[in-house]
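Just so you know, the sequences run in chain order A and B. Just add 43 to wherever you are in the first sequence, counting from 1, and you've got the numbering used here. Just add 43 to wherever you are in the second sequence, counting from 1, and you've got the numbering used here. Glycine included, C-beta positions come from ideal geometry on N, C-alpha and C.
Protein chains: 2
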Amino acid sequence: MTENIEVILTQKNINPTAMRLLVLDFLLKQSSAISLTDLEKGLDPSDRITLYRALKKFEEKGLVHSIDDGSGATKYALCENDCEAGHHHDLHVHFFCNTCRETSCLPKHHIPQISLPDGFKTEEVNLIVKGICNKCI
Amino acid sequence: MTENIEVILTQKNINPTAMRLLVLDFLLKQSSAISLTDLEKGLDPSDRITLYRALKKFEEKGLVHSIDDGSGATKYALCENDCEAGHHHDLHVHFFCNTCRETSCLPKHHIPQISLPDGFKTEEVNLIVKGICNKCI
DNA sequence: CTGATTTTTGCAATGCTATTGCGCTGTTGT
DNA sequence: ACAACAGCGCAATAGCATTGCAAAAATCAG
């Protein structure tokens, strides 16, 4: 099992250290996006800053993407697609449940094209739907 | 002039205090959404907390809406539509310029309908487009 | 194998934002 | 005039993101 995780990291040009293997393993087990604090609690005797840097490195290398769901804390989730270092291709909708406060990716739901007024150039789109998820209904 | 501002407040059931008149006056002069820090700088010798509470009261009464553009600071802008206390009807797109870091409302651009998977209930949608605005191109 | 260099890690510290508590003040209503 | 209440300003707190620095670990060169 650990070998698979290691392969994922090396394929993304990330040095597979013990800490990073733990972080990736934890991410793989999640069904929703998690915050740095969640990660810290899940991998208890670990340093928050180290985890923070692991996530940043993963994001930089195109392994995870970060989501600002308005909860105050940035959430992170594994990329589904073939994201490359520096360029994320996962323009999908994110859903934030107002009840359980979990953020999930809806990769099937692509972000519709938004036509802006003249002179505006789109570089990035952030679409967060908030409401009640299927587990909390 | 001050009378007009006062009328706006009383129509929204907000006690027109000197501070609130100042805040509303400042908001009316803006062409883009502003943060609490912007407001504090614009109304210099004012207490940040008081301004914060003025904005919160305005939001509660349906006079302004708050925007989380991912910049870290919540932005505020006057509602265009007939928002009521507690219920905001201004589901429009917001644009964040990566260059000048200004956030503007695009009230003409309504948020498209997002069909969620079964069991998900939408309560709110937050759509932020990031890029270069017409002034920075 | 050994010393040097780079990478990773852990701790301390900082900065910014949001938010609440509390007492003072000024206004309103009786 | 007095009581009740709303608004204001100050202090304080909490959470998150981010950086600097030094020790530790891994990698590389000779």
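Quiz item: Does valine 172 of chain B have its Cβ less than 8 Å from a Cβ in chain A?
Solution: The sequence position of residue 172 of chain B within the second sequence is 129, counting from 1. Cβ-Cβ to chain A under 8 Å: yes for valine 172 of chain B.
Self-check item: In DSSP terms, what valine 170 of chain B is bridged to
Solution: As a first step, residue 170 of chain B must be located in the second sequence, where it is residue number 127. Note that residue 170 of chain B is leucine in the sequence shown, not valine. The partner list for leucine 170 of chain B (beta bridge, DSSP) reads A/Leu170.
Quiz prompt | From A/Ala97, A/Arg96, A/Leu65 and A/Lys72, residue whose alpha carbon lies closest to that of leucine 86 of chain A | solution = For this step, residue 86 of chain A is matched to residue 43 along the first sequence. Here the closest residue by C-alpha is A/Leu65.
Exercise. My understanding is that cysteine 126 of chain A touches glycine 105 of chain A, with C-beta atoms under 8 Å, so please give their C-beta distance in whole angstroms.
Key: Position 83 of the first sequence, counted from the start, is the residue given in the question as residue 126 of chain A. Position 62 of the first sequence, counted from the start, is the residue given in the question as residue 105 of chain A. 4 Å between Cβ atoms; contact.
Exercise. Indicate whether at least one CB of chain A lies closer than 8 Å to the CB of asparagine 47 of chain B.
Key: Within the second sequence, residue 47 of chain B is the residue found at index 4, counting from 1. False, the Cβ-Cβ gap to chain A never drops below 8 Å.
Quiz item: Looking at the C-beta of lysine 118 of chain A, does it have a partner C-beta in chain B at a distance below 8 Å?
Solution: Position 75 of the first sequence holds residue 118 of chain A. So, not an interface residue.
Exercise. Tell me threonine 165 of chain B's beta-bridge partners as DSSP assigns them.
Key: As a position in the second sequence, residue 165 of chain B is number 122, starting the count at 1. Per DSSP, A/Gly174.
Exercise. May I ask you to report which of helix, strand or coil DSSP gives leucine 65 of chain B?
Key: The count along the second sequence starts at 1 and reaches residue 65 of chain B at position 22. Three-state result, leucine 65 of chain B: helix.
Quiz prompt | Identity of the residue in A/Tyr95, A/Lys100 and A/Leu79 nearest asparagine 58 of chain A by Cα | solution = For the purposes of this step, residue 58 of chain A is taken as residue 15 along the first sequence, with counting starting at 1. Selected option, being the one with the closest Cα: A/Lys100.
Quiz item: Three-state secondary structure (DSSP) at glutamate 83 of chain B?
Solution: As a position in the second sequence, residue 83 of chain B is number 40, starting the count at 1. If DSSP states are grouped into helix, strand and coil, glutamate 83 of chain B belongs with the helices.
Self-check item: Rounded straight-line distance, which links the Cα of methionine 62 of chain B to that of arginine 96 of chain B
Solution: As a first step, residue 96 of chain B must be located in the second sequence, where it is residue number 53. As a first step, residue 62 of chain B must be located in the second sequence, where it is residue number 19. Roughly 10 Å between the two C-alpha positions.
Self-check item: Local Cβ density within 10 Å of valine 50 of chain A, reported as buried at 16 or more and exposed below that
Solution: Residue mapping note: residue 50 of chain A aligns to position 7 of the first sequence, counting from 1. It is exposed - the Cβ of valine 50 of chain A has fewer than 16 other Cβ atoms within 10 Å.
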